[in-house]
Amino acid sequence: MFEALSGKLNGVFDRLRRRGALGENDVAEALREVRIALLEADVALPVVKDLVAKVRERAVGQEVLRAVAPAQQVVKIVHDCLVEALGGSVDAEGEPKAAPGLDLNAPAPVPILMVGLQGSGKTTTSGKIALRLREKQKKKVLLASLDVHRPAAQLQLETLARQTGVTSLPIVPGQTPLEIAARAMETARRELYDVVVLDTAGRLAIDEALMAEVAEVKRFANPHETLLVVDAMTGQDAVVTARAFQEKVGVTGIVMTRIDGDARGGAALSMRSVTGAPIKLLGAGEKLDALEDFHPDRIAGRILG
Ligand code: GDP
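In UniProt numbering, the protein residues as written are 1 to 305.
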């Protein structure tokens, strides 16, 4: 992800560095190129406008242009603005603040609801999260599939559970998503699980029926985290999907999958501003250990690499 954007921005900043002393026109020209690079990477237009305006405001100050290495100052400003667009912030010393990460700070069993479109990587991510919680945090995790529309979905989660060494809720044919959620929570309370991952059904596109079902399950399960899984490769569509889920269901965080592919990266840069929800995790491959924490400063560093 971000290869093309990174290449273009590096080109812009290399040219800027070669100029040595900079005038306002040089910065304006560089910002025009930054704007085009961001748009070509599929970053949402309002986000591009906001980002470029912020960089301009900070870079056009006389101190920046009079600095010993003005181009370096401009790169630093772009870096900080990218971190902010990605939902990060820096403390008073300029050090990046810790990324939000998964919040399990609630009485056990903590329900985590996984939502998203079919094919986004929801079930795989449920398995990845279960594996990480079991291995790194020594949590006792129960996986439950609430997808009653595709019988294969429940079996897929069962297989994933076996691969990750966690338990999946036994399949009882004919139950509704709410009945399965209730059974999962009862089982988790009785058998002292720490976390219950509820994997909801997805559809190929957003429709009223999907949103109503997910919203109903959410009201019932009262999850501590509602994680929306989106595919980075779908670009602007991922952002549209996220906005719809945020409006209709409400999410506490986003997991962006397929960052191992050649996605242009615009979705990652637009998500926070468009939905208000933080990206919490990244899916970086099909393997079950291919799950990364989301660090806005590291991503910004990767873009400006
Ligand atoms: P769901 O329909 O949303 O539950 O999607 P699945 O979890 O079944 O995933 C669909 C396909 O995407 C599967 O082949 C997964 O192996 C693959 N997949 C999931 N996450 C990633 C990822 O981060 N990177 C790559 N390359 N493939 C992924």
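Glycine residues also receive a C-beta, built at the ideal position from the N, C-alpha and C atoms.
In three-state terms, what does DSSP make of residue i?
| i | result |
| --- | --- |
| Asp-199 | strand |
| Leu-281 | strand |
| Asp-147 | coil |
| Gly-116 | strand |
| Gly-253 | strand |
| Ser-168 | strand |
| Pro-107 | coil |
| Thr-176 | coil |
| Asp-42 | coil |
| Asp-289 | coil |
| Pro-70 | helix |
| Pro-96 | strand |
| Leu-31 | helix |
| Val-60 | coil |
| Asp-231 | strand |
| Ile-206 | coil |
| His-295 | coil |
| Met-271 | helix |
| Ala-21 | coil |
| Arg-258 | coil |
| Ala-263 | coil |
| Phe-2 | coil |
| Leu-102 | coil |
| Gly-305 | coil |
| Gly-276 | coil |
| Gly-121 | coil |
Whole-angstrom Cβ separation of residue i and residue j, contact assumed at under 8 Å?
| i | j | result |
| --- | --- | --- |
| Glu-225 | Ile-112 | 5 Å |
| Val-83 | Pro-70 | Not quite, the Cβ-Cβ distance comes to about 20 Å (not below 8 Å), so this is no contact. |
| Gly-101 | Asp-293 | 6 Å |
| Leu-143 | Ala-152 | Wrong, their Cβ atoms sit about 15 Å apart, outside the cutoff. |
| Gly-253 | Ala-277 | 6 Å |
| Gly-235 | Asp-260 | About 16 Å; that fails the 8 Å criterion. |
| Glu-186 | Ile-171 | Not quite, the Cβ-Cβ distance comes to about 16 Å (not below 8 Å), so this is no contact. |
| Leu-282 | Met-256 | 5 Å |
| Asp-194 | Ala-106 | The Cβ separation is near 10 Å, so there is no contact. |
| Val-148 | Val-78 | With a Cβ gap of about 48 Å, Val-148 and Val-78 do not count as contacting. |
| Pro-177 | Val-217 | 5 Å |
Please go through the same chain and pick out, in chain order, the residues whose beta-carbon is closer than 6 Å to the beta-carbon of residue i, but skip the five residues on each side of it.
| i | result |
| --- | --- |
| Met-211 | Lys-248 |
| Leu-38 | Val-48 |
| Arg-258 | Asp-231, Ala-232, Met-233 |
| Glu-191 | none |
| Val-251 | Thr-226, Leu-228, Phe-245, Ala-277 |
| Cys-81 | Leu-51, Lys-54, Val-55 |
Return the chain-ordered list of same chain residues with a C-beta closer than 7 Å to the C-beta of residue i, the five sequence neighbours on each side being excluded.
| i | result |
| --- | --- |
| Ala-41 | Ala-4, Leu-5, Arg-264, Gly-265, Gly-266 |
| Ala-85 | Val-47, Leu-51, Leu-269, Arg-272, Ser-273 |
| Val-114 | For the sequence presented, residue 114 should be read as Met rather than Val. Contacts found: Lys-122, Thr-125, Ser-126, Val-197, Leu-198, Asp-199, Thr-200, Leu-227, Val-229. |
| Arg-66 | none |
| Leu-203 | Per the sequence shown, residue 203 should be read as Arg rather than Leu. If we look at Arg-203 and ignore the five residues flanking it on each side, its Cβ neighbours are Leu-117, Gln-118, Leu-210. |
| Arg-17 | Ala-71 |
| Ala-184 | Leu-142, Ala-144, Leu-169, Val-196, Leu-198 |
| Gly-87 | Arg-272, Pro-278, Ile-279, Pro-296 |
Just to confirm my understanding: we take residue i, look at its own chain, exclude 5 residues before and 5 after, and list those with CB closer than 8 Å. What are they?
| i | result |
| --- | --- |
| Arg-134 | Lys-140, Val-141, Thr-164, Gly-165, Val-166 |
| Arg-19 | Asp-26, Ala-71 |
| Ala-161 | Gly-127, Ala-130, Leu-143, Thr-167, Ser-168 |
| Arg-15 | Ala-30 |
| Asn-10 | Leu-304, Gly-305 |
| residue 355 | The first residue shown for the chain is 1 and the last is 305, placing residue 355 beyond what the model contains. |
| Gln-246 | Leu-228, Thr-275, Gly-276, Ala-277 |
| Leu-45 | Leu-39 |
| Phe-220 | Leu-178, Ala-181, Ala-182 |
| Val-12 | Ala-30, Glu-33, Val-34, Ala-37 |
| Ala-205 | Leu-117 |
On the DSSP bridge list, what partners appear for residue i?
| i | result |
| --- | --- |
| Pro-225 | Before going further, note that residue 225 is Glu rather than Pro in the sequence given. Ile-112. |
| Val-141 | Val-195 |
| Val-90 | Pro-96 |
Any heavy atom of ligand 3 closer than 6 Å to the CB of residue i?
| i | result |
| --- | --- |
| Glu-179 | With respect to ligand 3, the structure shown offers nothing to examine, as its ligands consist of ligand 1. |
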